[in-house]
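17 is the number that the UniProt record's numbering gives to position 17 of the sequence shown; each next residue is one higher, with no gaps. Idealized CB from N, CA, C, for every residue including glycine.
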Amino acid sequence: RTWRRTTTRRNGTWRTCTLPSTTLTILTKRKLRRIPNGEQNVRREIKLLRTLHHRNVIELLDVLYNEEKQKMYLIMEYCVGGLQEMLDSVPPERKLPMHQAHDYFVQLLDGLEYLHGRGIIHKDIKPGNLLLTLDHTLKISDYGVAEALDEFAPSDECTTGQGSPAFQPPEIANGHDVFSGYKVDIWSTGVTLYNITTGLYPYEGDNIYKLLENIGKCKWVAPDWLESRLADLLTNILQEDPARRFSLQQIRQHEWFRCAPVATCPLVPIPPLKGDALRRSTVLPYLEAHHYEAERDLANVYFTEHDINEELARQQ
């Protein structure tokens with residue numbers, strides 16, 4: 001592919017410019033160095049993303065480097081919105097119709113099963129990290145705290161948990177030194193499912209300490225008004241003991257998962273961006289006007305890893 005140069009001005013460690021069918025994430029090395037292990041973590045995430053190819057996992061298409069400006073450009077598969085954005089667009093309930101939530105949950109499980117099959121623990125499953133394409137295909141994104149198990153690791157044991165507090169399981173809230181990575185992700189999918197179907201969280205707190213204390217006690221009981229099959233599934237996912245917590249296979253076999261709810265109301269749409277339901281790029285005409293004439297000079301500005309490999313091959 002050929003990628004046209006874009007220039008934006010915005011403060012922050014990273015900036016994102018959306019273009020048709022792709023998303024360009026701009027990483028500034030100078031600012032990454034201010035974050036502990038910032039550049040190292042980004043390179044680790046890039047290495048991980050290069051190995052992932054699944055319908056429900058966000059895809060990294062290319063990486064561009066500008067050594068002169070000390071910047072990296074990550075070109076990602078384009079998504080028009082995310083689950084958290086959709087929930088925020090329907091206050092005060094902040095929930096999705098049951099049939100729509102079911103469809104997204106099935107896709108989430110498909111993507112998570114793929115990741116676990118490759119020995120990857122996401123560690124931060126939540127609506128904010130679940131993106132959508134225009135046809136409502138769900139994509140698991142943000143692998144900043146993900147962990148790839150060693151190929152010869154005897155188990156899925158992990159020792160660090162850095163995900164969003166409200167989605168963390170009791171074993172992390174209680175400070176366990178070692179825990180099952182797969183069961184951490186499964187707990188987070190349960191919290192996500194409860195959140196998108198009810199607009200609530202199983203555990204809340206006035207501050208992060210109270211929140212973690214409540215999660216650690218693990219006293220959640222499904223409310224009486226919750227549909228019985230969904231309540232049973234959530235009860236089995238949100239088990240305090242990871243050994244008793246449902247596996248992905250057990251979730252798939254559950255009646256609620258296998259029998260999609262009947263559609264009784266319209267889908268919650270992906271909210272339009274400035275009135276544009278398709279969320280088309282608004283910067284493309286500007287970019288063409290300002291950069292098209294200089295496009296012939298771009299070959300000397302950017303290079304990809306493919307270019308590097310070709311050059312190394314010529315030198316051998």
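Looking only at its chain, what residues have a beta carbon closer than 6 Å to the beta carbon of residue i, apart from the 5 residues adjacent to it on each side?
{"i": "Gly12", "result": "Confidence is the limiting factor: at Gly12 the pLDDT is only 46, short of 50, which leaves the residue's position unreliable, though a coordinate-based value still follows. So no residue of the chain qualifies."}
{"i": "Pro154", "result": "none"}
{"i": "Asn129", "result": "Ser141, Asp142"}
{"i": "Ile208", "result": "Pro165"}
Counting only the same chain and skipping the five closest in sequence on each side, list residues whose C-beta sits under 7 Å from that of residue i.
{"i": "Val145", "result": "Lys123, Asp124, Gln162, Gly163"}
{"i": "Asn41", "result": "Gly144"}
Please report the Cβ distance between residue i and residue j, rounded to the nearest whole angstrom; I am assuming they are in contact, meaning their Cβ atoms lie under 8 Å.
{"i": "Thr197", "j": "Leu267", "result": "With a Cβ gap of about 14 Å, Thr197 and Leu267 do not count as contacting."}
{"i": "Ile237", "j": "Val184", "result": "Their Cβ separation, rounded to whole angstroms, is 12 Å, which puts Ile237 and Val184 out of contact at 8 Å."}
{"i": "Leu212", "j": "Pro169", "result": "Rounded, the Cβ-Cβ distance is 11 Å, inconsistent with contact."}
{"i": "Leu149", "j": "Gly119", "result": "4 Å"}
{"i": "Ile215", "j": "Tyr203", "result": "5 Å"}
{"i": "Leu74", "j": "Leu27", "result": "7 Å"}
{"i": "Tyr143", "j": "Glu39", "result": "In fact, because the Cβ distance is near 16 Å, the residues do not count as touching under 8 Å."}
{"i": "Tyr182", "j": "His99", "result": "Contact doesn't hold; Cβ gap of about 28 Å is too wide."}
{"i": "Lys126", "j": "Met72", "result": "Actually they are not in contact, since the Cβ atoms of Lys126 and Met72 sit about 26 Å apart, beyond 8 Å."}
DSSP three-state label for residue i, please.
{"i": "Gly144", "result": "coil"}
{"i": "Asn56", "result": "coil"}
{"i": "Ser180", "result": "strand"}
{"i": "Val191", "result": "helix"}
{"i": "Val106", "result": "helix"}
{"i": "Lys123", "result": "coil"}
{"i": "Gly81", "result": "strand"}
{"i": "Glu310", "result": "helix"}
{"i": "Ile270", "result": "coil"}
{"i": "Lys71", "result": "strand"}
{"i": "Glu151", "result": "coil"}
{"i": "Arg207", "result": "Checking the sequence shown, residue 207 turns out to be Asn, not Arg. Three-state DSSP puts Asn207 in coil, outside helix and strand."}
{"i": "Leu298", "result": "Residue placement at Leu298 is poorly supported in this model, since its pLDDT is 48, which falls under 50; the coordinates still yield a value, given next. If DSSP states are grouped into helix, strand and coil, Leu298 belongs with the helices."}
{"i": "Asp62", "result": "strand"}
Could you name the residues of the same chain whose beta carbon sits closer than 8 Å to that of residue i, not counting the 5 residues immediately before and after it, in chain order?
{"i": "Val178", "result": "Glu157, Cys158, Thr159"}
{"i": "Gly205", "result": "Leu211, Leu212, Glu213, Asn214"}
Could you work out which residue in the options is closest to residue i when comparing CA atoms only?
{"i": "Leu273", "options": "Leu226, Gly111, Ser89", "result": "Ser89"}
{"i": "Asn174", "options": "Tyr194, Lys126, Gly275, Lys210", "result": "Lys210"}
{"i": "Glu93", "options": "Tyr201, Trp220, Asn66, Phe246", "result": "Tyr201"}
{"i": "Ala243", "options": "Ala222, Glu171, Met72, Leu230", "result": "Glu171"}
{"i": "Cys259", "options": "Leu234, Gln239, Asp276, Leu230", "result": "Leu230"}
{"i": "Lys31", "options": "Glu147, Lys69, Glu113", "result": "Lys69"}
{"i": "Leu226", "options": "Glu240, Arg245, Lys217, Leu193", "result": "Leu193"}
{"i": "Pro271", "options": "Leu87, Lys71, Val63", "result": "Leu87"}
Below 8 Å, can you find three or more Cβ-Cβ pairs linking the region 100 to 109 to the region 36 to 51? no
Between the region 127 to 143 and the region 57 to 73, do three or more beta carbon pairs fall short of 8 Å? yes
Under 8 Å, with one C-beta from each stretch per pair, do the region 248 to 257 and the region 78 to 90 reach the 3-pair mark? no
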